[in-house]
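Below you'll find the structure, written out as structure tokens, and then a few comments.
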Amino acid sequence: MYHYDHHDQSFVEARAREFRNQVERRLAGQLTEDEFKPLRLQNGLYLQLHAYMLRVAIPYGELNSQQLRKLGYIADTYDKGYGHFTTRQNIQFNWPKLVDTPDILDHLADVQMHAIQTSGNCIRNVTSDPFAGVAADEFIDPRPVSELMRQWSMLHPEFAFLPRKFKFAVTGAAEDRAAIKFHDIGIWAKADAAGEPVFDVYVGGGQGRTPRVAKLFESAVPLIELMPLLDAMLRVYNLHGRRDNKYKARIKILVEELGLENYRDEVRAELANIDRAPFVSVEGEYERICNAFEEGTPEMSPEEAIDLSATTPAFKRWVESNVAAHRVQGWAIAQISVKPKGGIPGDVTGAQMRALADLADHYSRGELRITHRQNVVFPYVQATDLEALYQGLSAIGLGEDNIGEASDIIACPGLDYCALATARSIPVAQELSTMLRAREAADDLGPISLNISGCINACGHHHAANIGILGLNKAEKENYQITLGGRSDERASVGEILGPGFAQDDVPGAVSKIIDTYLRLRAGEQERFPDTYARVGKEPFKEAVYVGA
Amino acid sequence: MWVLKDQGASLTHHDDSSEGAAAASGLRVDAGEPCLDEQSFANDTNCVTLNFPSSHDGRGFSFARRVRRERGEGVRIIATGNLLPDQARMAFQCGFSEIHLTDALVERHGEVAWRTATTTAPDALYTKSGKAPSIWDARHQHRVKVQSLTSVEAHEELQKSVNAVLLDVRTSAEWQFVGRPSFERSVGIQWQTFPYGSENPNFVTEVADAGLTQETPIFLICRSGVRSLAAAEALKEAGYKDLTNVSDGFEGAKNAAGRRGILNGWKAAQLPWNQD
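Residue numbers (this note's numbering), protein chains in the order written: chain X, 1 to 549; chain L, 1001 to 1276.
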């Protein structure tokens, strides 16, 4: 992984000092709450229903065991003993006190972490493929360009007060595991004929109340042109994005109102005159970062492939569900489900964090990743260690074998924590998880994505799920609307509303009928849910759910 | 009114007539108005005032960038309105030359907050922004160049020299388990520490403590030439003048089978080495 040099280190330390000063000025009354709000947000501090919430960045999802132990320490010392992995490779603490947050930022800086720009109307944490650097289907490792973008966006003086938040995601593999087309700007790294990285740039994706799949802005942009292009794209957005209505302020609305062609013309006009002085060192810096990642990668010699068939059924099923192909033979990418039966998606206790850190030291060269599906990945596991790892995980309640299955639910914190929510997400996720785990034990349902949002802002990514659930408030009662057919991969699409919503108690039954319908209509076990849905359409699902077939 | 200028180094109080009058004679643009366009550049005034209707509205930053770019260093660009002390750094880095503050704003935030506005924040950004220094430039635009030699060439030079030192910057684990080059004036100082690989914050101090001066010819070696180059750059920043990076390192690059110690490097070249 990337390690800070002294420049990076003094940068985060200075930023933590600055925030301490801002908190002191707020407590002294020099800053009004309205003025303090964007400053605290840009250090990841929200005011939620019951308390402050601190969101810490895990840039492109990469962590080491020392950092995870520190997060566990923060969970136990400043929170109620747990943290919550989010859908954008961040971790949230739900109960810190305002006066403690400067100390927490100092603790984070000690292990090369920060909470900079994890919220607010600025460039947010750059997210990426959790299999970056080890995926069997990778063209280009997306982490170096992600780190380059992290540095470029940190405290960018021009883009700290944008019309609205701005999210980047980067992938470099055939399969998009970073949902790049649901981001303001999505970047798909590929290799040109000479093996050099080039970047396809997508713009205008997003979820919320106006879900949009990003459109291709330009393909095969060379590295040297990428950073000036991003600067120009942001400048046009900052000047022309709407500020009269926060629900129409994201770049997707600007691109839609101007038209992609007109937006592109504006950006190209800006690019023609852009100041290139800030970017003269980009190639050297990219190379330096690539070298830093190379140096930080453990030696992985190809090993003999091993036969895992002669083992216990439970381990075998875990391997089938949770282990992904590694680029080096004899090695494995182990995915760890943070979706136990009946549990809260993405919640991990301080004790589990420490235990996971120990397991990562033993079995993954001290490194791990956090996924946008709120799970954990061990990227450097020798296949011969998988069984011991599985047993270690089971012992701490993290041995669930449901990665990519319907019970691997994404859920936002919902009305239990969030000030924006209109309905609870967590109890619905827990009931569905209990029902789905029972069904998955009996039948092979295949991979299905099921996501839950507690309001129209769609933090739970319901639009991008095969089965999406949106919690609303209808006449003072929680009501859950179901969407079908969404997907967040390279064939991204927005789910369609099935019909009238359901009371909380009726949601598991409706989902069960939807799954029955899929199993009945799929053209063989290989046909995935969104493909079946695209082929047969909405009607058979509506009939099963509402008519009661 | 108050004027903050010189990149935030100067905060002075003025009568409302003097500075304010100068600004009023120039072009005044409200960032809240939809007129942030070419007409503003066409104006031949040497003074552009941009008003921030609220501290939440960052359009003025992008607009100042454009004005500075189109009109060059000669034009005065003044920020007025509802800026926060915390935004002063951003304003200067985006090309503003002055920030005009009402007495009420200075009173509420306090003179101290405005005077220290640009020093409490990280002043070095990664990318160059206006006159501010940049981390990327510091990393890449050095005057002194680190010499690069292969392990065979470096070994030859070391034999000829009477005071050159071989500085091994790998981790203690590597010294112990992989072995070290045999050379009488060898020093081992870790660039990254074992086991987490974080940068050794005391590297430069430890080099000085080992008796290496800024004039000592230092040959730096690591596994394959990457860490030693970074270490050499750090020493260069600290004033060391005679630096040579052993480009293929002790173990060299990986071969097609992903193994080191075969293709190149000190070991593969069969130069003398030993193991504890």
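For each residue, glycine too, the CB sits at the ideal point set by N, CA and C.
Neighbour flag for residue i against chain L, beta carbons, 8 Å
i: Trp331(X); result: no
i: Asp137(X); result: no
i: Pro327(X); result: Going by the sequence as given, residue 327(X) is Arg instead of Pro. Taking Cβ atoms only, chain L never reaches closer than 8 Å to Arg327(X), which makes this a no.
i: Ser219(X); result: no
i: Phe85(X); result: no
i: Gln391(X); result: no
i: Asn245(X); result: no
i: Leu239(X); result: yes
i: Glu14(X); result: Residue identity differs from the one stated: residue 14(X) is Ala in this sequence, not Glu. Judged by the 8 Å Cβ criterion, Ala14(X) is in contact with chain L.
i: Tyr4(X); result: yes
i: Pro278(X); result: yes
Run of the alpha helix (DSSP H) containing residue i, from where it starts to where it stops
i: Asn262(X); result: Leu260 to Ala272
i: Asn550(X); result: What is shown of chain X runs 1 to 549, which leaves residue 550(X) out entirely.
i: Lys190(X); result: Element bounds for Lys190(X): not the alpha helix (DSSP H) but the beta strand (DSSP E), Ile185 to Ala191.
i: Phe1063(L); result: Arg1059 to Arg1071
i: Val536(X); result: Phe529 to Val536
i: Trp152(X); result: Arg143 to Ser153
i: Val1003(L); result: That residue, Val1003(L), is in no alpha helix (DSSP H); its beta strand (DSSP E) goes Trp1002 to Lys1005.
i: Arg69(X); result: Ser65 to Tyr78
i: Gln1176(L); result: Ser1172 to Val1178
i: Asp110(X); result: Thr101 to Asp110
i: Phe19(X); result: His6 to Leu27
i: Pro427(X); result: Ile426 to Ala442
Chain X contact for residue i (CB, 8 Å cutoff)
i: Val1146(L); result: no
i: Lys1005(L); result: no
i: Asp1086(L); result: yes
i: Gly1249(L); result: no
i: Asp1057(L); result: yes
i: Ser1010(L); result: no
i: Thr1102(L); result: no
i: Phe1061(L); result: yes
i: Gly1074(L); result: no
i: Ala1231(L); result: no
i: Arg1227(L); result: yes
i: His1014(L); result: no
i: Gln1277(L); result: Nothing about residue 1277(L) can be read from this structure; chain L reaches only from 1001 to 1276.
i: Arg1108(L); result: yes
i: Thr1205(L); result: no
i: Arg1115(L); result: no
i: Met1001(L); result: no
i: Ala1138(L); result: yes
i: Cys1035(L); result: Here Cys1035(L) scores only 47 on pLDDT, less than 50, and its place in the model is too uncertain to base an answer on.
Beta bridge counterpart(s) of residue i as assigned by DSSP
i: Thr1049(L); result: Arg1028(L) and Ile1078(L)
i: Phe215(X); result: Reading off the sequence shown, one finds Lys at residue 215(X), where the question assumed Phe. Paired residues: Val203(X).
i: Arg369(X); result: Glu62(X) and Val377(X)
i: Tyr480(X); result: Gly471(X) and Phe502(X)
Endpoints, beta strand (DSSP E) assigned at residue i
i: Tyr202(X); result: Pro197 to Val203
i: Asn457(X); result: Looking at the DSSP string, Asn457(X) is not in any beta strand (DSSP E), and its letter there is neither H nor E.
i: Gly471(X); result: Ile467 to Lys474
i: Val381(X); result: Val376 to Gln382
i: Val1246(L); result: Leu1243 to Val1246
i: His84(X); result: Tyr82 to Phe85
i: Glu1098(L); result: Glu1098 to Leu1101
i: Gly1188(L); result: Ser1186 to Gly1188
With 16 other Cβ atoms within 10 Å as the buried cut-off, status of residue i
i: Pro157(X); result: buried
i: Cys1035(L); result: Low local confidence applies: a pLDDT of 47 at Cys1035(L) is under 50, so the model's placement there is unreliable, with the coordinate-based value given in what follows. Label assigned to Cys1035(L): exposed.
i: Ala1268(L); result: buried
i: Ala438(X); result: exposed
i: Asn262(X); result: exposed
i: His463(X); result: buried
i: Asn322(X); result: buried
Exercise. Looking at chain L, which residues of the stretch 365-384 of chain X have a Cβ within less than 8 Å of any of its Cβ atoms?
Worked result: Gly366
For this session: Scan the stretch 1170-1200 of chain L for residues whose Cβ lies nearer than 9 Å to a Cβ of chain X and list them as they occur along the chain.
Result: Gln1192, Pro1195, Tyr1196, Gly1197, Ser1198 and Glu1199
Problem set entry | Within 9 Å of chain X by C-beta, residues of the stretch 1125-1136 of chain L in sequence order | Leu1125, Tyr1126, Thr1127, Lys1128, Ser1129, Gly1130, Ala1132, Ser1134, Ile1135 and Trp1136
Problem set entry | Residues, ordered as in the chain, of the stretch 152-181 of chain X that lie near chain L by beta-carbon distance below 8 Å | Trp152, Met154, Leu155, His156, Pro157, Glu158, Phe159, Ala160, Phe161 and Leu162
Exercise. Going along the chain, which residues of the stretch 34-51 of chain X sit with their C-beta nearer than 7 Å to a C-beta in chain L?
Worked result: Glu35, Pro38 and Leu39
Exercise. Which residues, in chain order, does the stretch 183-210 of chain X contribute to contact with chain L at a C-beta distance below 8 Å?
Worked result: none
Exercise. For the stretch 1254-1275 of chain L, which residues have a CB atom closer than 9 Å to at least one CB atom of chain X, in sequence order?
Worked result: Lys1254, Ala1257, Gly1258, Arg1259 and Arg1260
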